[in-house]
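Below is one structure, written out as structure tokens; comments come after it.
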Amino acid sequence: MQSLAQRSVSVDCPTCGRKVPFDASSRWRPFCSARCKTVDLGAWAAERYRIAGDARHDGADDRNETEDTAPRAPDRSG
5 MQSLAQRSVS VDCPTCGRKV PFDASSRWRP FCSARCKTVD LGAWAAERYR
55 IAGDARHDGA DDRNETEDTA PRAPDRSG
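Numbering (my numbering), first residue to last: 5 to 82.
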């Protein structure tokens, strides 16, 4: 029986489906190449992938920059 360290585990590249050995010798794991890794990153950046869950929007990111984040002068009225 092979020990866990001796077993060869392979996974499918998430981008192209090619078999990739899942060990330290696979530089781009779980991807088969830098190209597939970049294609996947581009898909995330283009919002083609989504994390499952409720689509809630509480307005926390809708701040008006001039009102909420601009530096304010000290009040010298009095």
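Even for Gly, the Cβ is constructed at its ideal location relative to N, Cα and C. Keep in mind that this is a model prediction, so the values were computed, not measured.
Own chain partners of residue i with C-beta closer than 6 Å, once the 5 adjacent residues on each side are dropped
i	result
R22	C36
A47	Y53
DSSP bridge partner residues for residue i (one or two, in chain order)
i	result
K41	For K41, which the question treats as bridged, DSSP gives no partner whatsoever.
E16	The sequence as given places Asp at residue 16; Glu does not occur at that position. According to DSSP, D16 bridges with K23.
Local Cβ density within 10 Å of residue i, reported as buried at 16 or more and exposed below that
i	result
C20	exposed
Contact set for residue i: own chain, Cβ-Cβ below 8 Å, skip 5 residues either direction
i	result
S14	K23, V24, P25, F26
S12	P25, D27
Neighbour flag for residue i against chain D, beta carbons, 7 Å
i	result
T42	Any reference to chain D falls outside this structure, which holds one protein chain only.
7 Å Cβ shell around residue i - same chain, five flanking residues per side excluded
i	result
V43	T19
S30	V24
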